[in-house]
Structures are given as C-alpha cells and as structure tokens.
Ligand code: HEM
C-alpha cells in the first residue's frame with residue numbers, strides 16, 4: 284500500500300525480484316535478437332518469425348515492444364507453471380508410492396523402457412493421465428487464476444458485479460467443492476477413470492475456463508505427460524528420509540502456489 288516502504292526495508296525481497304526480472308528480460312531480448320539475425324521472410328520457422336514478418340509490413344501496427352511483451356508473456360506464463368506442477372507430481376509420487384507404481388506399471392506395459400514417449404501415448408495411459416490431472420486438481424497451482432476486470436455491470440445469481448471491479452476467480456474453491464468432487468481433500472486419481480478409461484471432469488479448472496482459458500493448455504498438457512512419463516521410465520522416486528513428513532500445503536509465490544521445499548531420491552532403474 285505504501286510502495287516507498289519496500290525500498291526502506293533492508294530485508295525486502297523486491298530488489299532481488301527486480302534484478303531477476305531484468306535478467307529474464309535481457310535473456311528474452313537476446314533470444315529475439317538471435318532469431319532476428321537468422322530471420323528469412325521466405326522461410327518462416329515459428330511464431331516469432333511470423334511476428335517478424337508482420338513487423339516488416341508497412342501498415343503493421345506491431346512494434347518492437349509489442350513483440351517483446353508477447354514473447355515475455357509466453358515465457359513467463361509457460362515456465363514456472365509447468366515446472367511447479369511437475370514439482371507437485373514428484374511430491375505426490377513419493378508420498379503415494381502405490382500410485383507411482385501403478386503409473387510406472389502402465390508406462391512399462393504401454394511404452395516399455397527403450398522408446399521415448401510421444402503425445403499420442405496419452406490415449407493408452409489412462410491411469411497416468413488421471414494421476415496428472417488429480418495432482419493438478421488437488422495442488423491447484425494457480426488458486427486465484429489471474430485477475431480479471433468486469434468491463435460492464437454483470438448480474439450473477441442475483442448479485443451485481445459492478446463495472447471495473449477486479450475479479451479473482453477462485454479455482455481452488457472449484458477444485459475443493461464437495462458438490463463436484465467426492466472427498467475433495469483426498470488424493471485419488473481413480474476419480475478421473477470410468478471403466479478403466481480416462482474421463483474429463485466438468486469441475487477440472489487448473490487452466491481456468493471460458494474464452495480466456497490458458498493459452499498454453501495443450502502445450503502444458505503435452506509437456507507434463509512427456510516429462511512425467513520420461514522420469515518414471517528411468518527413475519524410482521522415493522523420500523530422502525523414511526520419516527520425512529512431506530507437507531502438502533503449498534506456498535504462494537506470486538501467482539503460483541508451489542510445494543514447500545522437500546528432498547527426494549531419484550534412483551536410476553536397473
Ligand atoms: C501446467 C501448466 C499451466 C497452468 C496450470 C496454467 C494455468 C493458467 C491459468 C489458470 C491462467 C489464467 C486464465 C484466466 O485468465 O482465468 C493461464 C493463462 C495463460 N497461460 Fe497458462 N498455464 C500453464 C501453462 C502455460 C504455458 C505452457 C503457456 C505458454 C507457453 C501458458 C500461457 C498462458 C497465457 C498466455 C495466459 C493468458 C491467456 C489470456 O489472458 O488470454 N500457460 N494459465
């Protein structure tokens with residue numbers, strides 16, 4: 284509320300946050316510069332090239348800053364979210380070794396040890412898919428999604444949300460709603476299975492909902508599947524110490540909620 288106090292507080296983390304942010308910005312700028320140097324308008328290689336192609340057109344409204352912000356948005360929204368979700372999957376796998384075993388058994392049966400997983404394996408890995416979604420549900424890494432603004436007065440269930448109100452959609456309350464989920468506080472991948480097939484559930488909202496649903500949903504889902512499967516193919520995961528308690532309450536770190544620090548062992552499978 285009083286920003287100046289942040290700078291007077293010798294223990295404030297804000298200077299470090301600003302420094303980190305500058306480093307990320309420099310990195311993104313250097314990546315854009317690299318691509319710009321090798322850009323060939325007749326050989327569009329990826330999203331950034333498409334942007335550069337538009338930028339070159341005389342009537343283009345796309346500016347350098349616009350390009351930077353778009354790429355930064357994708358980087359920032361797409362890195363921490365996926366890695367924090369993977370941290371939660373690791374935590375749940377060492378906390379629930381029986382679930383880890385069922386996932387691995389299915390992976391070895393469907394893919395084996397030698398072949399790398401591919402996106403379409405998801406159709407044959409219902410228990411693995413159910414486990415990833417159950418981790419996403421119970422951990423809800425973006426408990427309040429991102430803030431939205433009401434562009435006009437809206438009435439919902441007899442209540443008026445006034446124009447310009449800032450709205451934080453509570454995804455955590457959807458994920459813990461007992462009218463949608465039986466025993467919502469219990470970790471149970473089977474809730475996403477029906478006759479041993481993976482089923483989508485109406486209340487699943489890890490990527491939020493509506494027209495502004497996460498833009499990277501499909502990418503994130505493939506990344507989660509491919510990385511999770513590759514790890515379980517190669518490693519047995521376990522607690523570092525038998526008596527470690529492994530708390531499952533997270534820490535809010537800006538927009539995302541990450542697990543408290545924990546230690547674990549990755550034992551290469553024989
Ligand atoms: C497990 C991983 C991820 C989770 C849980 C996640 C979750 C979310 C959530 C909850 C929102 C807010 C939606 C809203 O406005 O209500 C969001 C927005 C967004 N996400 Fe993700 N995300 C993930 C990965 C990614 C990836 C990999 C990318 C891109 C490479 C990405 C790009 C975006 C962008 C650009 C938005 C803003 C969309 C808009 O406002 O129209 N996300 N994400």
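In this note's numbering, the protein residues as written are 284 to 553.
We treat Cβ as the ideally placed atom computed from N, Cα and C, and that holds for glycine.
Beta-carbon gap between residue i and residue j smaller than 8 Å
| i | j | result |
| --- | --- | --- |
| residue 417 | residue 471 | yes |
| residue 415 | residue 508 | yes |
| residue 354 | residue 390 | no |
| residue 497 | residue 488 | no |
| residue 531 | residue 369 | no |
| residue 485 | residue 475 | no |
| residue 480 | residue 409 | yes |
| residue 452 | residue 413 | no |
Segment limits, beta strand (DSSP E) that includes residue i
| i | result |
| --- | --- |
| residue 639 | The structure shown has nothing for residue 639, since the chain only spans 284 to 553. |
| residue 551 | 547-551 |
| residue 443 | 442-444 |
Neighbourhood of residue i by C-beta, 7 Å cutoff - its chain only, sequence neighbours within 5 removed
| i | result |
| --- | --- |
| residue 367 | 424, 539, 541 |
| residue 420 | 458, 487, 489 |
6 Å CB neighbourhood of residue i in its chain, flanking five on each side removed
| i | result |
| --- | --- |
| residue 361 | 499 |
| residue 422 | 371 |
| residue 546 | 523 |
Cut-off 8 Å between Cβ atoms - residues of its own chain near residue i, not counting five sequence neighbours on either side
| i | result |
| --- | --- |
| residue 295 | 289 |
| residue 444 | 433, 436, 437, 438, 450 |
| residue 315 | 331, 350, 351, 354 |
| residue 337 | 343, 345 |
Boundaries of the alpha helix (DSSP H) in which residue i is found, first to last residue
| i | result |
| --- | --- |
| residue 521 | It is not in any alpha helix (DSSP H) - residue 521 instead sits in the beta strand (DSSP E) that spans 518-522. |
| If you scan the segment 451-512 from start to end, which runs of the alpha helix (DSSP H) of 4 or more residues do you find wholly inside it? | 454-458
| message | With three or more beta-carbon pairs closer than 8 Å as the criterion, would you say the segment 364-381 touches the segment 512-523? | response | yes
| task | Run through the segment 334-388 for me and flag every whole beta strand (DSSP E) of 3 or more residues, listed as ranges in chain order. | result | none
| task | Please determine if the segment 465-480 and the segment 395-404 are in contact, where contact requires at least 3 C-beta pairs separated by less than 8 Å. | result | no
| request: Check whether the segment 435-446 touches the segment 496-506, counting contact only when three or more Cβ pairs, one atom from each stretch, lie closer than 8 Å. | output: no
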